[in-house]
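Just so we're on the same page, the numbering used here is the position in the sequence shown counted from 1, plus 4.
Every residue, glycine too, gets a C-beta built ideally from N, C-alpha and C.
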Amino acid sequence: MPANQGERARRRLSTRERREQLLSVGARLFSESPYDDVWIERVADLAGVSRGLLYHYFPTKRDFFAAVVERESERMLRMTAAEPGVPVREQLTAGLDTYLGYVQAHAHGFRAFHRADAAGDQAVRRVYRQALAAQEKQILAALAADPEFGAACERGPQLRLAVRGWLAFTTAVCLEWLRDGESSREQVRDLCARALLGAIA
């Protein structure tokens, strides 16, 4: 490789850029293989950095995977945040469409996020479950603020169970959709929308 090509390949990244690069590589590897089968050495090799540099950003493999999960959780929460004052029915289709666009564009990160619950590490699973709890809380808050669905919130535990079940359903549908690709985004969106409205009816 010519010297100038090597210099370009090793362009110095900012701390934020390097961290993002490492998390992107991690998301891909963790989406393709179980937690125990992903080696930090492989992450460093694909990112073109030393193991020492990777450990500078993430002291342990557990910390690294937890950061991958946390990043994907933050993305999903931002994308699905409710708009105050807008009825849930109006937001549901647009919100799901945005969410499914994210699933397609960031398939590796989405799969990696949902592999976290299968990880043997309790700390990693805790991060994953906290992320799901934040999604659940966000949906319940939007329902409580909507006059049409506010009364459903009086059912308390039943509604929480319905929303939790819907999140699991939507995850399973999206993972299957990524595997087979037989349904259109619109079909998946409408299926998930009907499922939520049916679950909270």
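Candidates the options, of which the one nearest residue i by Cα
{"i": "Ser35", "options": "Leu144, Ala116 and Ala122", "result": "Ala116"}
{"i": "Leu147", "options": "Gln134, Leu100, Ile204 and Ala122", "result": "Ile204"}
{"i": "Arg168", "options": "Ala120, Leu50, Lys141 and Leu33", "result": "Lys141"}
{"i": "Glu24", "options": "Thr97, Phe62 and Pro38", "result": "Phe62"}
{"i": "Lys65", "options": "Ser188, Val53 and Val47", "result": "Val47"}
{"i": "Glu74", "options": "Ala155, Val131, Val107 and Ala197", "result": "Val131"}
{"i": "Leu200", "options": "Thr97, Glu78, Ala85 and Ser28", "result": "Thr97"}
{"i": "Val90", "options": "Phe153, Tyr103, Val72 and Ala166", "result": "Phe153"}
{"i": "Gly52", "options": "Trp43, Ala71, Leu26 and Val72", "result": "Leu26"}
Under the three-state DSSP convention, the category residue i falls into
{"i": "Val42", "result": "coil"}
{"i": "Thr175", "result": "helix"}
{"i": "Ala85", "result": "coil"}
{"i": "His118", "result": "helix"}
{"i": "Pro161", "result": "helix"}
{"i": "Glu24", "result": "helix"}
{"i": "Ser112", "result": "It should be pointed out that residue 112 corresponds to His in this sequence rather than to Ser. Note: His112 maps to helix in three-state DSSP."}
Nearest-angstrom Cα separation, counted from residue j out to residue i
{"i": "Trp170", "j": "Gly105", "result": "19 Å"}
{"i": "Gln139", "j": "Gln95", "result": "15 Å"}
{"i": "Gly41", "j": "Cys157", "result": "One detail in the question is off: residue 41 reads as Asp in this sequence, not Gly. The alpha-carbon atoms of Asp41 and Cys157 are separated by roughly 43 Å."}
{"i": "Leu57", "j": "Glu76", "result": "22 Å"}
{"i": "Ala7", "j": "Arg16", "result": "Unreliable positioning characterises Ala7 in this predicted model, as indicated by a pLDDT of 41, which lies under 50. The coordinate reading is nonetheless provided below. Between Ala7 and Arg16, the C-alpha separation is close to 15 Å."}
{"i": "Tyr39", "j": "Arg119", "result": "8 Å"}
{"i": "Gln126", "j": "Asp67", "result": "12 Å"}
{"i": "Arg22", "j": "Gly202", "result": "44 Å"}
{"i": "Gln162", "j": "Arg133", "result": "19 Å"}
{"i": "Leu182", "j": "Ser37", "result": "16 Å"}
{"i": "Gly113", "j": "Asp49", "result": "19 Å"}
{"i": "Cys178", "j": "Met83", "result": "16 Å"}
{"i": "Arg198", "j": "Glu190", "result": "12 Å"}
Supposed contact pair residue j and residue i - C-beta distance, whole angstroms, cut 8 Å
{"i": "Arg164", "j": "Leu144", "result": "7 Å"}
{"i": "Gly30", "j": "Phe69", "result": "7 Å"}
{"i": "Arg193", "j": "Asp101", "result": "5 Å"}
Buried or exposed by the 16-neighbour rule on C-beta atoms within 10 Å, applied to residue i
{"i": "Gly160", "result": "exposed"}
{"i": "Asp150", "result": "buried"}
{"i": "Met80", "result": "buried"}
{"i": "Arg207", "result": "Nothing in the structure corresponds to residue 207, since the chain is present only between 5 and 205."}
{"i": "Thr174", "result": "buried"}
{"i": "Ala135", "result": "buried"}
{"i": "His60", "result": "exposed"}
{"i": "Ala109", "result": "exposed"}
{"i": "Ala166", "result": "buried"}
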